[in-house]
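Chemist: Once you've had a glance at the structure underneath, I'll fire off some questions.
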Amino acid sequence: MNQRERRRIYSLQNRDPINILKSRIDVSMDNLQKRKTLNSELPQLIQNKMQMANYTASMQLQQKTKYEQLSLKILKEPYRALNIKQRMITNHFTLQQKIQDTIAYDCIKHILSNTDNTIIKGQVILPVQNEQQYTIPVSRQGSRVVKYDHYGLVFGGHSHRENIEIHAISLLNGQWKRKQEFCQSQIEQLKLRQILNPNLRLGCYFSLNIDENKTIYAFGGEKNTNSRRTTNMVTKISLEDDRLEWQQYQTQIGCRRNHSGIYSHNHLIIIGGLDDSELNTKFYNDFQMINLINMNCTQFYPKFYQKQVIQNDHPFQLGIAYHSATLVGNPYLRMNYDFSSNTKKEEQVDQLFTKEGIYIFGGKDSEDNLYNELYQLIIDTYPSVLQIVETLGQRPSGRRSHSMNYDEKISALLLFGGTNEMECFGDLHLLFLKNYTWQKVQLQGYLEYPFRYEHCSVYNEDKLFIFGGLSQNGFLMYNPIQIQIKFKTIRKHN
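Residue -10 is where the sequence shown starts when you use the working numbering, and the numbers rise one by one after that.
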């Protein structure tokens, strides 16, 4: 684009609308009689006047269209050239954002149209931390993280000492935030409540979720005490100034840890877990629903399908724990049916081909058998459905204590790390839900400490942040590992 076109866009932007002088046409009957005009000429005069008005509107529309076309040309230019500062048109920020999202989506869609010709690379970096300005958390395992605006809030965990910290990290640059930068007064008040009442502490191996009102819900887990007992409490946390809250509520379901908990429209869906408070360890294979309004609990029994054929046996007969579960879909528009009602008429299951639902992968049972199937729990139909998903590509090996996230932009699950009791994994796999194809990411860069399990992770834009955990040598540093996903198309030679 040359300099002349750039000047034209800004001149058009500030130019006043075109005002074309309209002819003063007197269509009164007296004037027509003076001119001895026939009655048949009256419609023609009115038509001429309307044509003049239409011409004026057309010229203004052409000017607006021309301005928008030049705006599009200027806004698209930064995305075609690399390392060029992006130009902004201040009064067209919405247009700017729309073009950016559209071009990025079209680019990814084009690349992923054929996964066989796509190489996925992950650039691993260790974000620089300033220990004098930032609070670096103690190394730990079993902590949990939740996305809170552009921050990641990290709760709990188990290490060589008891942890009651709440830490915030920027999901833009991977740096821990200063104490004065993010909800410091609220966090300090909540810490004081935990010191005064140790029962409020979350411990480790709990599930953590956030709703549309930025209210955080934690369930279950193991208390960091000498007895190391599991719990069945729901902890409700709010960091907002107008409703600062840290309350616990008792539930009726079994105490457990290393389960999965998913938020869905004022409900928590709890799957599996284990309880080793007593002499014998108990593995759960149940599906529980907790109503977060009244804290009532209901167990539901999904129908199990394999290759679209209903099965009579339970997929998790020996229980399941240390697995990962991720919701695909809108968490605020789910749970259309009340599973606690026994009078509901069963619908014909036509949801077997939907992409939405809760995806479950990995974990182990009471006999230390590892799961390596991908399950999909469909919860917006009655009865609910659990099915094994038939996938393509190289499926990740069976593992436990890994992490799984969802990238809505490319509609893919991201699975990282874990262990099979023999070795730790530091691999990253993507499952594209469009064709249910697994593809392994080629990691490069900082590869000193990627192998881990019992960690936590959060995904933002195209960056995966991984915190803490264990390796074969013990605790890992809690500075986050950042993996940035990049796609590259390769050409096959005939």
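Glycine residues also receive a C-beta, built at the ideal position from the N, C-alpha and C atoms.
Once DSSP output is grouped into helix, strand and coil, what is the label at Arg182?
Modeler: The residue given as residue 182 occupies position 193 in the sequence shown. Reduced to three states, the DSSP call for Arg182 is helix.
Chemist: What first and last residue would you give for the beta strand (DSSP E) that runs through Gly346?
Modeler: Start at 1 with the first residue of the sequence shown, and residue 346 comes out as number 357. Run containing Gly346: 346 to 350, per the beta strand (DSSP E) assignment.
Chemist: Jot down the residue ranges of each uninterrupted beta strand (DSSP E) in the segment 216 to 287, minimum 3 residues, whole runs only, in chain order.
Modeler: Complete beta strand (DSSP E) runs here, min 3: 222 to 227, 234 to 239, 249 to 252, 256 to 260, 276 to 280.
Chemist: Taking buried to mean at least 16 other C-beta atoms within 10 Å of its own C-beta, is Lys477 buried or exposed?
Modeler: The residue you call residue 477 lines up with position 488 of the sequence shown. Burial call: exposed.
Chemist: Distance check for Val430 and Val113, CA to CA, integer angstroms please.
Modeler: Here residue 113 is taken as the residue at index 124 of the sequence shown, counted from 1. Here residue 430 is taken as the residue at index 441 of the sequence shown, counted from 1. Going from the Cα of Val113 to the Cα of Val430 covers about 11 Å.
Chemist: Residues in the same chain with beta-carbon distance under 7 Å from Gly407, minus the five sequence neighbours each way, listed in chain order, please.
Modeler: Translated into positions along the sequence shown, residue 407 becomes position 418. Once the five neighbours on either side are set aside, the close Cβ partners of Gly407 are Gly351, Arg388, Arg389, Ser390, His391, Phe414, Tyr442.
Chemist: For Asp354, is the classification buried or exposed, using 16 other Cβ atoms within 10 angstroms of its Cβ as the cut-off for buried?
Modeler: The sequence position of residue 354 within the sequence shown is 365, counting from 1. Asp354 is buried by the Cβ-count criterion.
Chemist: Would Ser196 pass as a contact of Gly250 if the rule is Cβ separation under 8 Å?
Modeler: Within the sequence shown, residue 196 is the residue found at index 207, counting from 1. Within the sequence shown, residue 250 is the residue found at index 261, counting from 1. In this structure, Gly250 lies closer than 8 Å to Ser196 by Cβ.
Chemist: Excluding the 5 residues flanking Leu189 on each side, which residues of the same chain have their C-beta closer than 8 Å to its C-beta?
Modeler: Residue numbering aside, residue 189 sits at position 200 when the sequence shown is read from its first letter. These residues qualify, in order along the chain: Arg182, Gln183, Thr224, Trp235, Gln237.
Chemist: In the DSSP assignment, what residue or residues form a beta bridge with Cys193?
Modeler: Residue numbering aside, residue 193 sits at position 204 when the sequence shown is read from its first letter. Paired residue(s): Glu211.
Chemist: Round the Cβ separation of Gly141 and Ile158 to the nearest angstrom and send it over; I've been treating them as touching at under 8 Å.
Modeler: Along the sequence shown, one-based indexing puts residue 141 at 152. Along the sequence shown, one-based indexing puts residue 158 at 169. Their Cβ separation, rounded to whole angstroms, is 5 Å, which keeps Gly141 and Ile158 in contact under 8 Å.
Chemist: Taking His312 as the reference, give the member of Asp138, Tyr273, Gln239 with the closest Cα.
Modeler: For the purposes of this step, residue 312 is taken as residue 323 along the sequence shown, with counting starting at 1. Selected option, being the one with the closest Cα: Tyr273.
Chemist: Between Glu410, Arg384, Pro385, Tyr364, which lies nearest to Asn358 when the distance is taken from Cα to Cα?
Modeler: In the sequence shown, counting from the first residue as 1, residue 358 sits at position 369. Taking only the C-alpha atoms, the option nearest Asn358 is Glu410.
Chemist: Looking at the structure shown, is Ser148 part of a helix, part of a strand, or coil, going by DSSP?
Modeler: Locating residue 148 in the sequence shown gives position 159, where the first residue counts as 1. It is coil, neither helix nor strand.
Chemist: What are the boundary residues of the beta strand (DSSP E) that Ala401 is part of?
Modeler: Walking along the sequence shown from the start, residue 401 turns up at place 412. 401 to 405 is the span of the beta strand (DSSP E), which, as asked, contains Ala401.
Chemist: Pick from Thr315, Ile282, Asn449: whose alpha carbon is nearest that of Lys136?
Modeler: By 1-based counting over the sequence shown, the position of residue 136 is 147. Closest by alpha carbon: Asn449.
Chemist: Just mark Lys11 as buried or exposed, buried being the case when its beta carbon has 16 or more other beta carbons within 10 Å.
Modeler: As a position in the sequence shown, residue 11 is number 22, starting the count at 1. Unreliable placement is indicated for Lys11, whose pLDDT of 45 sits below 50; no coordinate value is reported for it.
Chemist: Taking DSSP as the reference, what is the three-state secondary structure of Ile309?
Modeler: Working through the sequence shown from its first residue, we reach residue 309 at position 320. DSSP places Ile309 in coil when its eight states are reduced to three.
Chemist: Cβ atoms of Leu381 and Asn319: under 8 Å apart, would you say?
Modeler: Along the sequence shown, one-based indexing puts residue 319 at 330. Along the sequence shown, one-based indexing puts residue 381 at 392. No, Cβ-Cβ distance for Asn319 and Leu381 is not below 8 Å.
Chemist: Are the CB atoms of Leu263 and Tyr206 within a distance shorter than 8 Å?
Modeler: Here residue 206 is taken as the residue at index 217 of the sequence shown, counted from 1. Here residue 263 is taken as the residue at index 274 of the sequence shown, counted from 1. Taking 8 Å as the Cβ cut-off, Tyr206 and Leu263 do not qualify as a contacting pair.
Chemist: Relative to the C-alpha of Asp369, which candidate in Gln300, Phe289, Leu432 has its C-alpha closest?
Modeler: Residue 369 sits at position 380 when you count from the first residue of the sequence shown. It is Phe289.
Chemist: Grab the span of the beta strand (DSSP E) containing Phe421 for me, first residue to last.
Modeler: As a first step, residue 421 must be located in the sequence shown, where it is residue number 432. 417 to 421 is the extent of the beta strand (DSSP E) around Phe421.
Chemist: If I'm right that Pro372 touches Lys292 with Cβ under 8 Å, what's the distance once you round it to whole angstroms?
Modeler: Mapped onto the sequence shown, residue 372 falls at position 383. Mapped onto the sequence shown, residue 292 falls at position 303. Yes, Pro372 and Lys292 are in contact; Cβ-Cβ is about 5 Å, under 8 Å.
Chemist: Would Leu363 and Gly346 be called neighbours here (beta carbons separated by less than 8 Å)?
Modeler: To locate residue 363, count along the sequence shown from 1; it is residue 374. To locate residue 346, count along the sequence shown from 1; it is residue 357. For Leu363 and Gly346, no; Cβs fall outside 8 Å.
Chemist: DSSP three-state call for Ile368: helix, strand or coil?
Modeler: Here residue 368 refers to the residue found at position 379 when the sequence shown is read from its first residue. Correct three-state label for Ile368: coil.
Chemist: Could you have a look at Asn188 and say whether DSSP puts it in helix, strand or coil?
Modeler: As a position in the sequence shown, residue 188 is number 199, starting the count at 1. Helix at Asn188.
Chemist: Using a threshold of 8 Å, state whether the C-beta atoms of Val134 and Phe456 are closer than that.
Modeler: The residue given as residue 134 occupies position 145 in the sequence shown. The residue given as residue 456 occupies position 467 in the sequence shown. Yes. Within cutoff.
Chemist: So, for Ala310: in the same chain, excluding its five sequence neighbours on each side, which residues have a beta-carbon less than 7 Å away from its beta-carbon?
Modeler: Locating residue 310 in the sequence shown gives position 321, where the first residue counts as 1. Same-chain partners within the cutoff: Asn247, His248, Gly261, Gly262, Leu263, Phe272, Gly352, Lys353.
Chemist: Please name the residue, chosen from Ile472, Tyr438, Tyr348, that lies closest to Gln461 on a Cα-to-Cα basis.
Modeler: Position 472 of the sequence shown holds residue 461. Comparing Cα-Cα distances from Gln461 to each of Ile472, Tyr438, Tyr348, the minimum goes to Tyr438.
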